Ligand SMILES: NC(=O)c1ccc[n+]([C@@H]2O[C@H](COP(=O)([O-])OP(=O)(O)OC[C@H]3O[C@@H](n4cnc5c(N)ncnc54)[C@H](O)[C@@H]3O)[C@@H](O)[C@H]2O)c1
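In our numbering, the protein residues as written are 272 to 634.
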């Protein structure tokens, strides 16, 4: 299966077949990144709901829905959508508002596209899995990192003859883990839950399920360094670099194969070091390799008003929606952002909540 596919994008009004869609949540992230992505998806946005009716009305007008609502139950009952987008926040006790809303959307017969986090506990993911199976409707979480063109390209390198299998992986991402005594409280863990989905989505997409893990924790910043062994036999690390500068690039991913490695920096720059010998040690006068062994570098140009250099695309926001609409309309396989992947991510969240630093734990 090829993960990185160069596809030509259609504009919303060019699709022959469209899904009737409702949207729950008219907040900041959805305004910036999700409603605008619908301009490139086969959806007919009919209803927008927010607890704040005036925001729902304004979003509806701006993004072309016929009506704003403040009660999602009434909207689901009256609009009868095929697909519901849910981009909401947290309950006062630290649970995820979208989890219960997704259950209601499924019960109303709709497919669900939701933002991460899918839920706050493993049991809630299992409840969603059961409800999705019972309703015969799909639930997808927007795990955007697994839709970055650069990360998809890394996935395609893994297992290719020119790269070999994945032997090790290192992911760096800034995130603080609270002190051990606070980890039992979901409210204290909200930021960690909110963000662990991002690096965990990359680790799962590229490395597959984790077999065991151990971490160390730094109390000044809450930074962690975690070692993993994947079920595939590959090994890896997650460096949650809390304490870094706000002016710094956020993330870095490196995969190592068999004689070859590749690095994604800043989400959008990929360098693939193809198989090459080290130039003669102590003798080689030049570092230039022959062209067939030279590193390949991919980075978007930022001159043309293209789709690929727009963050709706290189951060995966449009592709993650098309992944679900392709599955609903064309029966294409749903492989990313599935509840099974969310289940794996929740296991990792539970590991950080409950495991003691320095102790290796089976996941
Ligand atoms: N993938 C990403 O890049 C990314 C980035 C930022 C945020 N997010 C995720 O997006 C989500 C929302 O973030 P945000 O910053 O937009 O939050 P926000 O608080 O600005 O917006 C949430 C909105 O949901 C509404 N809402 C809550 N319950 C509702 C209900 N029952 N019916 C109708 N409306 C309801 C609220 O009124 C609010 O307007 C979070 O899950 C966050 O993790 C993802």
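The beta-carbon is built from N, C-alpha and C at its ideal position, and this holds for glycine as well.
Since the model is a prediction, treat every value here as computed from it, not as a measurement.
Please state if the CB of residue j and the CB of residue i are separated by a distance shorter than 8 Å.
i, j, result
"residue 362", "residue 395", "no"
"residue 435", "residue 503", "no"
"residue 592", "residue 312", "yes"
"residue 387", "residue 476", "no"
"residue 237", "residue 633", "Given a span of 272 to 634 for the chain in the structure shown, any question on residue 237 remains unanswerable."
"residue 480", "residue 501", "yes"
"residue 310", "residue 283", "yes"
"residue 399", "residue 373", "yes"
"residue 356", "residue 402", "no"
"residue 528", "residue 429", "yes"
"residue 628", "residue 487", "yes"
"residue 376", "residue 298", "no"
"residue 423", "residue 274", "yes"
"residue 513", "residue 538", "no"
"residue 569", "residue 541", "yes"
"residue 305", "residue 358", "yes"
"residue 543", "residue 556", "no"
"residue 437", "residue 478", "yes"
"residue 280", "residue 343", "no"
Report buried or exposed for residue i, applying the criterion of at least 16 other Cβ atoms within 10 angstroms of its Cβ.
i, result
"residue 350", "buried"
"residue 323", "exposed"
"residue 617", "buried"
"residue 420", "buried"
"residue 364", "exposed"
"residue 564", "exposed"
"residue 650", "Only positions 272 to 634 of the chain appear in the structure, and residue 650 is not among them; the question remains open."
"residue 411", "buried"
"residue 425", "buried"
"residue 624", "buried"
"residue 559", "exposed"
"residue 389", "buried"
"residue 308", "buried"
"residue 491", "exposed"
"residue 602", "exposed"
"residue 610", "buried"
"residue 613", "buried"
If you draw a straight line from the alpha carbon of residue i to that of residue j, how long is it in whole angstroms?
i, j, result
"residue 443", "residue 473", "11 Å"
"residue 290", "residue 382", "10 Å"
"residue 315", "residue 507", "42 Å"
"residue 341", "residue 384", "19 Å"
"residue 455", "residue 392", "12 Å"
"residue 441", "residue 510", "8 Å"
"residue 335", "residue 320", "13 Å"
"residue 525", "residue 288", "40 Å"
"residue 554", "residue 545", "22 Å"
"residue 378", "residue 406", "7 Å"
"residue 451", "residue 352", "43 Å"
"residue 463", "residue 521", "15 Å"
"residue 505", "residue 338", "51 Å"
"residue 397", "residue 620", "15 Å"
"residue 516", "residue 446", "12 Å"
"residue 300", "residue 630", "37 Å"
"residue 332", "residue 583", "21 Å"
"residue 577", "residue 571", "10 Å"
"residue 567", "residue 626", "40 Å"
"residue 615", "residue 465", "15 Å"
"residue 278", "residue 286", "15 Å"
"residue 561", "residue 432", "19 Å"
"residue 581", "residue 548", "37 Å"
"residue 536", "residue 345", "45 Å"
"residue 303", "residue 597", "23 Å"
"residue 638", "residue 413", "With the chain running from 272 to 634 in the structure shown, residue 638 is simply not present."
"residue 368", "residue 439", "36 Å"
"residue 330", "residue 575", "29 Å"
"residue 551", "residue 272", "38 Å"
"residue 622", "residue 328", "42 Å"
Report back the beta-carbon spacing between residue i and residue j to the nearest angstrom; my notes put them in contact at under 8 Å.
i, j, result
"residue 449", "residue 460", "6 Å"
"residue 595", "residue 409", "7 Å"
"residue 457", "residue 366", "7 Å"
"residue 415", "residue 588", "6 Å"
"residue 590", "residue 418", "4 Å"
"residue 518", "residue 498", "29 Å between Cβ atoms; not a contact."
Can residue i be considered in contact with ligand 3, in the sense that its beta carbon sits closer than 7 Å to one or more heavy atoms?
i, result
"residue 561", "Because ligand 3 does not appear in the structure shown, any question about it cannot be addressed here, the ligands present being ligand 1."
Please report whether the beta-carbon of residue i lies at a distance below 8 Å from any beta-carbon of chain C.
i, result
"residue 584", "The structure shown contains no chain C, having only a single protein chain."
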